[in-house]
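Q:
There are 2 protein chains.
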Amino acid sequence: MIKRAKGVTISQVADAAGVARSSVSRAFTRPGMLLPETVERIMKAAEALGYVPNHTARALSTGRHGNVGLIVPDIANPFFPPLIQAAQLEADRSDFCIFLGNTGESPKQEDKLVGRFAGQVEGLVLASSRLSEDRIRAHAEKLPLVLINRDIAGIPRVLIDSSSGVRQAVEHLAKLGHRRIAYVSGPANSWSNKQRRAAIRSAATPAGIEVDIVAAALPSYESGRNVVQAILSTGATAAVAFDDVTAQGVLAGLSENHVSVPADFSLIGCDDVLGAVTFPALTSVSNRSVEAGRVAVSLLLDMLQSHAIRDVRCVLETHLVLRSTTTAVA
Amino acid sequence: MIKRAKGVTISQVADAAGVARSSVSRAFTRPGMLLPETVERIMKAAEALGYVPNHTARALSTGRHGNVGLIVPDIANPFFPPLIQAAQLEADRSDFCIFLGNTGESPKQEDKLVGRFAGQVEGLVLASSRLSEDRIRAHAEKLPLVLINRDIAGIPRVLIDSSSGVRQAVEHLAKLGHRRIAYVSGPANSWSNKQRRAAIRSAATPAGIEVDIVAAALPSYESGRNVVQAILSTGATAAVAFDDVTAQGVLAGLSENHVSVPADFSLIGCDDVLGAVTFPALTSVSNRSVEAGRVAVSLLLDMLQSHAIRDVRCVLETHLVLRSTTTAVA
DNA sequence: CTGTTAGCGCTTTCAA
DNA sequence: TTGAAAGCGCTAACAG
């Protein structure tokens, strides 16, 4: 059993300094309003007592609690940690704290989290939301919202435009002589997935390439490994995967099937989160998740400050990063 | 510009339902105290008005805000996401929210975060804290604290005991005929690092193995890659790395130096976070981070509930996971 | 079982 | 420049 000091309140400081409670409050929020010597006396007393302003009380009184929420589908997916980190850094710069939520790719859980967070945060960043547009709109009416990788008009959003990179990927494969490729798709509700699939299709036609869509339900290593048979049965000589993690699974599955990469099969990932750590090193579409996290939070804080909501649509371009998993067809 | 609904308060619901404010409060917190029909009437009114209890006001009044903090050194290190996820899941079960903090391996930042969180959370989990024992003790006086991978008497802690696994690793290498091995160490303030280093040393002597310590400042891919020269210059034929990420860097560095694994050199990681995704698949010491996260939060919630602090020391055992990066010396 | 009445700790008019 | 006083929205005795 341990005793824990009950918080020192503003009144105790006021008494100790021989001033009114309001003056103590002012000393901490708008010292300019007080005589420097008064401020100093108050601060001295506060210091001596170990006074720390009570965040909750302040929040109740002002309606501002200096927290923003960040909700992601899967922390364990290497796409998100850098984004989270950047978001946190940006929040920190304005003395905001971040509430992190993980939905496990479940829209239901996401809805629940948004509800749980609302009321404790001033605003929310939804990264790669799997919610329906309706739900997102509904939430946006209740509190300031910024979206990452979700394109909904009227709601501020930052989009990592993988089309540019994906297009380069397809052209690269075309140049290498591939004529039939597979796209290993991601989550159905993922905006990025739709975008990538569309980009592949639109780039493939002029390049004279056939595209087969192979569905991997979740963006995961296992998912990727499980669809290798399906990929091979399409007769494709190359594949682009929804993301690097899926691609890594595909890589493993191919190896298990004695298909060697890139000699027998070319593979390209997306998001470039694995760097050169796979073997062979994975060719991938670059990623801007750090900027995305930073910009999203910064946008959100702007909204909070200006009390207005502009229709921002911030697009971040990408490109193909060549490594060792692609080669010309035999 | 968008108008956002100002919150409906308990008073409005009370008026609408023709009861006192306290009854509304009771309907939400202890419905059992009220007549079922009263509760129903209140709920109906609340529903109609779209009433949602104000978390902040409740927190101010009760002193409990249903949040716990979790601070980790580096979200991007694959050791932590599963831990975070598990912690969040466990918190969720008791309707608690998690504040996540990332310190970037900096004690200073960690101290700052603890301060920022205190006052908004009821308790804190410090995972792999890089703080000095003094600082940790100081914080523990101010609010309920649970430690992960930090062994400080009197503060509840859950420890992943890698000694067992590391010992197996050394014995495994001994059996393969290795006589001189290197330990690629981790962060200086890391309890796990000290534990692993000690376990290696104590297991090596009876096995007739010499150990050289090679310091990698940070647990990262880059760090690992950078110390390969140092490792090779010790004349070791095998190495155990502080963690898998570091090991992966070492693997890359070895390959760049044309040292092939396991033919020319054997390598073992720790934490088993990379699964079989490296090439060759990394032999590693198993990891219990999911349990650690779950147990830590559960311990913390217990403390909050019982208002007492028992001297818990929960130890999770580990073992060696054999894959493909070790073999007998030539 | 339900209403009345104080607060929780801080901010913020309004006066002085 | 400072103090007094009225809340912010909710909970928790204490009566009845």
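First to last, the protein sequences are chains B and D. In case it helps, my numbering puts the first sequence at residues -11 to 318. In case it helps, my numbering puts the second sequence at residues -11 to 318. Backbone N, C-alpha and C define an ideal beta-carbon position, used for all residues, glycine too.
1. Quick check: what's the CA-CA separation for H53/D versus S243/D?
2. What would DSSP say about S321/D, mapped onto helix, strand or coil?
3. In angstroms, rounded to a whole number, what distance separates the CA positions of V7/B and A45/D?
4. Tell whether a beta-carbon distance below 8 angstroms holds between L255/B and A224/B.
5. Quick one: which unbroken beta strand (DSSP E) runs of 3-plus residues sit fully inside the segment 280 to 308 of chain B? Chain order, please.
6. Shortest alpha-carbon distance to I197/B belongs to which of T314/B, G165/B, G103/B, P144/B?
7. Which residue or residues does DSSP assign as beta-bridge partners of L112/D?
8. Under 8 angstroms: do the segment 271 to 287 of chain D and the segment 281 to 290 of chain B share three or more Cβ pairs, one atom per stretch?
9. Within 10 angstroms of the Cβ of A240/D, are there 16 or more other Cβ atoms? Answer buried if so, exposed if not.
10. Measure the alpha-carbon distance for P144/B versus S151/B and round it to whole angstroms.
11. Which residues mark the beginning and the end of the beta strand (DSSP E) in which V7/B is found?
12. Taking S94/D as the reference, give the member of D80/D, R118/D, L114/D with the closest Cα.
13. What whole-angstrom Cβ distance do V111/B and L131/B have, given they're in contact under 8 angstroms?
14. Which one of I297/D, A316/D, L287/D has the shortest CA to CA distance from L147/D?
15. Can you tell me where the beta strand (DSSP E) holding D252/D begins and where it ends?
16. Please report how far the alpha carbon of P268/D lies from the alpha carbon of V249/D, in whole angstroms.
17. So with Cβ pairs under 8 angstroms, would you call T313/D a contact of chain B?
18. Listing by chain order, which chain D residues have their CB less than 7 angstroms from the CB of L48/B?
19. Verify whether the separation of the beta carbon atoms of A162/D and V273/D is less than 8 angstroms.
20. Measure the Cβ-Cβ separation of V113/D and V285/D and say whether it is below 8 angstroms.
21. Check whether the segment 201 to 214 of chain B touches the segment 171 to 178 of chain B, taking contact to mean three or more Cβ pairs, one atom from each stretch, closer than 8 angstroms.
22. Of all the CB atoms in chain B, is at least one closer than 8 angstroms to the CB of Q0/D?
23. Start and end of the alpha helix (DSSP H) containing I188/D?
24. Give the interface partners of V40/D over in chain B, defined as CB-CB distance under 7 angstroms, in chain order.
25. Output, in sequence order along the chain, the residues in the segment 276 to 295 of chain D whose CB is closer than 8 angstroms to any CB in chain B.
26. Could you check how far apart the C-beta atoms of V154/B and R125/B are, in whole angstroms? I think they sit under 8 angstroms.
27. Leaving aside the five residues before and after F68/D along the sequence, list all residues of the same chain whose C-beta is less than 6 angstroms from its C-beta, in chain order.
28. Select from the segment 54 to 86 of chain B all residues with a C-beta closer than 7 angstroms to any C-beta belonging to chain D, and list them in chain order.
29. With a threshold of 8 angstroms between beta carbons, is L112/D in contact with chain B?
30. Might you give, ordered along the chain, the residues of its own chain that have their beta carbon closer than 8 angstroms to the beta carbon of Q73/D, omitting 5 neighbours on each side?
31. If you run the structure through DSSP and keep just helix, strand and coil, what is G51/D?
32. Let me see if you follow: with CB-CB separation under 8 angstroms, is R18/B close to chain D or not?
33. I need the straight-line Cα distance from T306/D to C258/D, nearest angstrom please.
34. State the DSSP-derived secondary structure class of M(-11)/B, mapped to helix, strand or coil.
35. What residues in its chain sit with their C-beta under 8 angstroms from that of L77/B, if we drop five residues either side in the sequence?
36. If contacts are defined as beta-carbon pairs under 8 angstroms, then V12/B and A5/B qualify, I think. What distance do you get, rounded to the angstrom?
A: So, from the data block:
1. Their Cα atoms are separated by approximately 52 angstroms.
2. Outside the displayed range of chain D (-11 to 318) lies residue 321/D, so it cannot be described from this structure.
3. When rounded, the distance between both Cα atoms is 27 angstroms.
4. Against a cut-off of 8 angstroms, the Cβ pair of A224/B and L255/B comes out as no contact.
5. Whole beta strand (DSSP E) segments, 3+ residues: 301 to 305.
6. Closest by alpha carbon: G165/B.
7. Partner(s): G57/D, L133/D.
8. Touching, no.
9. Here A240/D is buried, its C-beta having at least 16 other C-beta atoms within 10 Å.
10. Near 20 angstroms, if we compare the C-alpha coordinates of S151/B and P144/B.
11. No beta strand (DSSP E) holds V7/B; DSSP gives it neither H nor E.
12. When each option's Cα is compared against that of S94/D, the closest is R118/D.
13. Here the sequence assigns Gly to residue 111/B, which means Val is not the residue at that position. Yes, they are in contact, since the Cβ atoms of G111/B and L131/B sit about 6 angstroms apart, within 8 angstroms.
14. Here the closest residue by C-alpha is L287/D.
15. Going by DSSP, D252/D is part of no beta strand (DSSP E) at all; its letter is neither H nor E.
16. Straight-line measurement puts the Cα of V249/D at about 7 angstroms from the Cα of P268/D.
17. For T313/D, the closest Cβ of chain B is not nearer than 8 angstroms.
18. Here the neighbours are T44, A45, L48.
19. Going by C-beta atoms, A162/D is not nearer than 8 angstroms to V273/D.
20. Their beta carbons are under 8 angstroms apart, which means V113/D touches V285/D by this criterion.
21. Counting Cβ pairs under 8 angstroms, three or more are found: they touch.
22. Cβ-Cβ to chain B under 8 angstroms: no for Q0/D.
23. Membership of I188/D in the alpha helix (DSSP H) is indicated by the continuous run 179 to 195.
24. Correct list: G107.
25. Listed by position, the residues of the segment 276 to 295 of chain D near chain B (Cβ gap below 8 angstroms) amount to none.
26. Between R125/B and V154/B the Cβ distance is about 28 angstroms, and since that is not below 8 angstroms, they are no contact.
27. If we look at F68/D and ignore the five residues flanking it on each side, its Cβ neighbours are V60.
28. Taken in chain order, the members of the segment 54 to 86 of chain B whose beta-carbon sits within less than 7 angstroms of a beta-carbon on chain D are I63, A64, P69, P70, I72, Q73, Q76, C85, I86.
29. No, no contact with chain B.
30. Taking C-beta separations shorter than 8 angstroms and ignoring five residues to either side along the sequence, the partners of Q73/D in its chain run V278, G281, following chain order.
31. Coil.
32. Judged by the 8 angstroms Cβ criterion, R18/B is not in contact with chain D.
33. Cα-Cα distance, rounded: 10 angstroms.
34. Any answer about M(-11)/B is weak, because its pLDDT of 32 lies below 50 and its placement is not dependable; what the coordinates show is given next. Coil at M(-11)/B, not helix or strand.
35. The answer, listed in chain order, is R282.
36. Separation of the CB atoms of V12/B and A5/B is rounded to 7 angstroms, and the pair is thereby assigned contact status at 8 angstroms.
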